[in-house]
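Data first, discussion second: the structure below is written as structure tokens.
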Amino acid sequence: MTAPLEAMPTDWQSCLAIVAHPDDLEYGAAAAVATWTDRGAEVGYLLVTRGEAGIDGIDPSRCAPLREKEQRASAEVVGVRSVEFLDHRDGVIEYGVGLRRDLTAAIRRHRPELVLTLNHQDTWGGTYWNSPDHRAVGRAVLDAAGDAGNRWIFTDLADDGLEPWGGVRWVAVAGSPNPTHAVDVSEGFERGVRSLLAHRAYIEGLTDEDPETYCRNFLTGTTRSAASRFGGRPATTFELFPR
Ligand SMILES: [Zn+2]
6 MTAPLEAMPT DWQSCLAIVA HPDDLEYGAA AAVATWTDRG AEVGYLLVTR
56 GEAGIDGIDP SRCAPLREKE QRASAEVVGV RSVEFLDHRD GVIEYGVGLR
106 RDLTAAIRRH RPELVLTLNH QDTWGGTYWN SPDHRAVGRA VLDAAGDAGN
156 RWIFTDLADD GLEPWGGVRW VAVAGSPNPT HAVDVSEGFE RGVRSLLAHR
206 AYIEGLTDED PETYCRNFLT GTTRSAASRF GGRPATTFEL FPR
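Per the numbering used here, the sequence shown starts with residue 6, numbered consecutively.
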């Protein structure tokens with residue numbers, strides 16, 4: 006658990022980040038995304054839902070457009086212009102062939118070298134249970150990275166002009182309890198804070214704490230705890246699955 010983390014690969018140009026909900030990327034990965042877009046890499050976001058079931062006090066019909074707007078603002082802070090939504094239902098995303106097909110289509114359209122997602126494992130570590138949406142999407146992303154390259158899976162996608170893409174070199178899982186790699190976020194940290202803070206309605210529904218203090222404290226805690234395994238540098242961690 007305390008072995009040093011390796012630096013994430015940097016010899017790539019295109020990344021597609023696929024997660025279940027608005028805010029999933031902002032609890033850590035966004036600070037790394039900022040460092041990637043700084044060096045000219047293209048990063049796109051694909052949200053499987055609009056996060057409409059995420060705020061207790063706001064009805065889903067009003068919540069969906071609000072969270073979409075916050076996600077777009079949040080992406081812009083870290084240099085991401087492409088933000089798409091798949092409109093699966095928040096809270097009840099089903100792992101299965103339908104989800105794998107939707108993600109395969111997106112991967113074939115974007116043709117990324119790096120695919121990024123959020124923790125697909127049962128827990129966040131210890132006994133802190135992960136959500137069913139995160140598990141379903143994370144696992145489907147890991148699967149779809151392979152499906153995208155197989156001509157004989159989802160043949161109707163090729164009929165629609167989405168040719169196989171076997172160019173995914175890694176899937177990086179943010180928030181994994183078993184990280185293997187890290188990104189130094191000294192440069193991206195402040196934008197990471199502002200990117201999380203862009204989910205203001207969500208955070209105000211979550212905590213009575215001042216939103217900026219909440220965002221800064223959360224990201225300071227996680228990036229500092231990773232530093233002990235990454236040469237003392239504040240870091241965001243990933244479990245990296247090469248392909
Ligand atoms: Zn989530």
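All C-beta atoms, glycine included, are put in the ideal place defined by N, C-alpha and C.
query                                                                                             : result
Alpha-carbon to alpha-carbon, G180 and P70                                                        : 26 Å
Continuous beta strand (DSSP E) stretch holding D249: start and end                               : Residue 249 lies beyond the residue range present for the chain, which begins at 6 and ends at 248; the question has no answer from this structure.
Pairwise C-alpha distance: T185 and R238                                                          : 15 Å
Inter-stretch contact at 8 Å, needing at least 3 Cβ pairs: the stretch 39-53 / the stretch 83-94  : yes
Sequence ranges, beta strand (DSSP E) only - wholly within the stretch 182-219, length at least 3 : 186-189
Own chain residues within Cβ distance below 8 Å of L123, not counting five before or after        : V24, A25, D29, L30, A34, H139, V142, G143, V178, A179, G180
Span of the beta strand (DSSP E), counted from its first residue to its last, around P247         : 240-247
Euclidean distance between Cα positions of A206 and P216                                          : 9 Å
Limits of the beta strand (DSSP E) - the one that L121 falls within                               : 119-123
Where the beta strand (DSSP E) containing L52 begins and where it ends                            : 47-52
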